[in-house]
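Enquirer: All residue numbers for the sequence shown refer to full-length UniProt numbering, where the first residue is 1 and numbers rise by one.
First, the structure itself, so that you have it in front of you.
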Amino acid sequence: MPERIGLYPGTFDPFTLGHADIMRRGAKLVDTLVVGVTTNPSKDPLFTPAERMEMVRSEVARLGLANVEVKGFDALLMDVAEREGASIIVRGLRAVADFEYEYQMAGMNQQLNSGIETVFLMADISLQPIASKLVKEIAFYGGDIARFVSPQVREQVMARVASIGLKGER
């Protein structure tokens, strides 16, 4: 029986506990889960692709996920999935708004390659409000992000924020 490979793509800027939850659960569905760290032209990243890949690798090690690999990419998702031999795209959902966007993307991806299925995993209820964009905003205004990211990621985010400077009034 051929190895079942899944691809979990995202910008992961920063990598949150919600991402970790989806990654951990997605890894149970496949023999190998490739976490694809990508760029998104519509987002303003806090970390470089190399920094984000290292951040995810550290989280994979922290969670002890032996069947997870981390790779960077800047290409069409379905081209990467084909190159990696993936038969499954893993996507996390937090809310109805996520579903509408992800449903449309899954439909487009199916048009590009009907042999690759998209699997949606609902984030744990306690993690559903977490979004990388909001984590960065909280950090830049001096808020505590400890409930949303691992201690290691928190240190990295706070160090980057300190180097850039806090926003707002205090």
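By construction, the Cβ of each residue, glycine as well, lies at the ideal position given by its N, Cα and C atoms.
Apply the 10 Å Cβ neighbour rule to residue 163 and answer buried if 16 or more other Cβ atoms are within range, or exposed otherwise.
Expert: Under this definition residue 163 is an exposed residue.
Enquirer: Can you tell me where the alpha helix (DSSP H) holding residue 103 begins and where it ends?
Expert: That run of the alpha helix (DSSP H) goes 96 to 112.
Enquirer: Check whether the Cβ atoms of residue 82 and residue 113 sit closer than 8 Å, and answer yes or no.
Expert: Contact flag set, yes.
Enquirer: Could you tell me how far apart the beta carbons of residue 7 and residue 90 are, in whole angstroms, since I believe they sit closer than 8 Å?
Expert: Going by Cβ atoms, the distance from residue 7 to residue 90 rounds to 7 Å, so yes, they are a contact pair.
Enquirer: How many whole angstroms separate the CB atoms of residue 41 and residue 13, which I take to be in contact at a CB cut-off of 8 Å?
Expert: That pair is no contact at about 13 Å.
Enquirer: Compare the Cα-Cα distances from residue 73 to each of 49, 110 and 165 and report the closest residue.
Expert: Closest option to residue 73, Cα to Cα, is 49.
Enquirer: Just the C-alpha distance for residue 63 and residue 19, rounded to the nearest angstrom, thanks.
Expert: Roughly 12 Å between the two C-alpha positions.
Enquirer: From 108, 94 and 106, pick the residue whose C-alpha is nearest to that of residue 124; which is it?
Expert: The candidate whose alpha carbon is nearest that of residue 124 is 94.
Enquirer: When you compare each of 145, 35 and 17 to residue 135 by their alpha carbons, which one comes out closest?
Expert: Among 145, 35 and 17, the Cα nearest to that of residue 135 is on 145.
Enquirer: Under the three-state reduction of DSSP, which class applies to residue 173: helix, strand or coil?
Expert: The question about residue 173 has no answer, for the chain in this structure spans 1 to 170.
Enquirer: Take residue 84 as the anchor and find which of 1, 160 and 9 has the nearest alpha-carbon.
Expert: Comparing Cα-Cα distances from residue 84 to each of 1, 160 and 9, the minimum goes to 9.
Enquirer: Quick one: residues in its chain with C-beta nearer than 8 Å to the C-beta of residue 67, no 5 flanking neighbours on either side, listed in chain order?
Expert: Excluding residues within five positions, the ones whose Cβ falls inside 8 Å are 27, 30, 31, 32 and 33.
Enquirer: Using a Cβ-Cβ cutoff of less than 8 Å, which residues in the same chain neighbour residue 25 once the five nearest sequence positions on both sides are dropped?
Expert: For residue 25, where only same-chain residues beyond five positions count, the Cβ hits under 8 Å are 121.
Enquirer: Enumerate in chain order the residues of its own chain whose CB-to-CB distance from residue 47 is below 6 Å, with the five nearest sequence positions on each side excluded.
Expert: Contacts found: 13.
Enquirer: Can you list, in chain order, the residues of its chain whose CB lies under 7 Å from that of residue 148, leaving out five sequence neighbours each side?
Expert: Answer for residue 148: 16, 17, 130 and 135, listed in chain order.
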